[in-house]
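One structure is given below, encoded as structure tokens.
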Amino acid sequence: MSSHPLINVKVKTLEHFKGELPIYHSLLASGLDVRAQINKELIIKPLDRALVFTALSFEIPPSYEIQVRSRSGWAYKKGISVLNSPGTIDADYRGELKIILINLSNQDVRIVDQDRIAQLVLAPVVQINLEQDKQLSSTKRGEKGFGSTGLSND
């Protein structure tokens, strides 16, 4: 039983789905682990990317998104990350969730069916209303960016 509030999200399994639905692997985990649904192993070469199928579609409640994030173990041990992390699954998208993985290591990485390849986090969404203006309020930082507040140990 979770100690987090629960929000219902409908999930549809597609024809090529096998195995189990994404689950939380600890009581207070924020991400559901999602598995690859592939017919044959996939080799991702160094600095290459791959689109990996999950055989899942979602009906996400309005004012929420599902974020697709890298799994820390894959990132640390194998150099595999979600390329556009966090990826966004919008509430009005009904197609199959596909995950873009990139191999940042210097070795080939093998992905097989049912590997836990990413995690899914439900997050609230607040839309903004842009107000065009000729002037913005001033701050001490101003227009300084790209390391202007200091790098590590600066």
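Under the working numbering, think of the first position of the sequence shown as 904, with each following residue one higher.
The beta-carbon is built from N, C-alpha and C at its ideal position, and this holds for glycine as well.
The beta strand (DSSP E) enclosing K913, as first and last residue numbers: Where K913 is concerned, the enclosing beta strand (DSSP E) stretches over 913 to 916.
Close Cβ partners of N987 (< 7 angstroms) along its chain, the five nearest in sequence each way excluded: Sequence-distant Cβ neighbours of N987 in its own chain, meaning closer than 7 angstroms and more than five residues away, are I1003.
Which listed residue (N1006, F961, E968) has its alpha carbon closest to that of L954: Put simply, of N1006, F961, E968 the residue whose alpha carbon is nearest the alpha carbon of L954 is N1006.
Euclidean distance between Cα positions of K915 and L924: When rounded, the distance between both Cα atoms is 10 angstroms.
Inter-residue Cα distance where the pair is R1019 and F956: Answer to the nearest angstrom: the Cα atoms are 12 angstroms apart.
Alpha carbon of D936 to alpha carbon of V1028, nearest angstrom: Roughly 21 angstroms separates the two Cα atoms.
Minimum C-alpha distance to I1014 - residue among L930, S929, V912, N942: For the residues L930, S929, V912, N942, the minimum Cα distance to I1014 belongs to N942.
Span of the beta strand (DSSP E) around Y967: Y967 -> beta strand (DSSP E) spans 967 to 972.
Collapsed DSSP secondary structure at I939 in the structure displayed: At residue 939 the sequence reads Ala, which differs from the Ile that was named. Coil at A939, not helix or strand.
CA-to-CA distance, K1037 to N911, given in whole angstroms: N911 and K1037: Cα-Cα distance of roughly 43 angstroms.
Inter-residue Cα distance where the pair is S966 and D993: Their backbone Cα atoms lie some 9 angstroms apart in a straight line.
Under 8 angstroms between C-beta atoms of G990 and Q970: In this structure, the beta-carbon distance from G990 to Q970 falls below 8 angstroms.
Sub-8 angstroms separation of A939 and D1011 beta-carbons: Result no, Cβ atoms of A939 and D1011 do not sit closer than 8 angstroms.
Three-state secondary structure assigned by DSSP to S984: Strand.
Span separating the alpha-carbon of R1044 from that of L1033: About 22 angstroms.
Where S984 falls, given that 16 or more other Cβ within 10 Å makes a residue buried: Classification of S984: buried, given that the 10 Å Cβ count is 16 or more.
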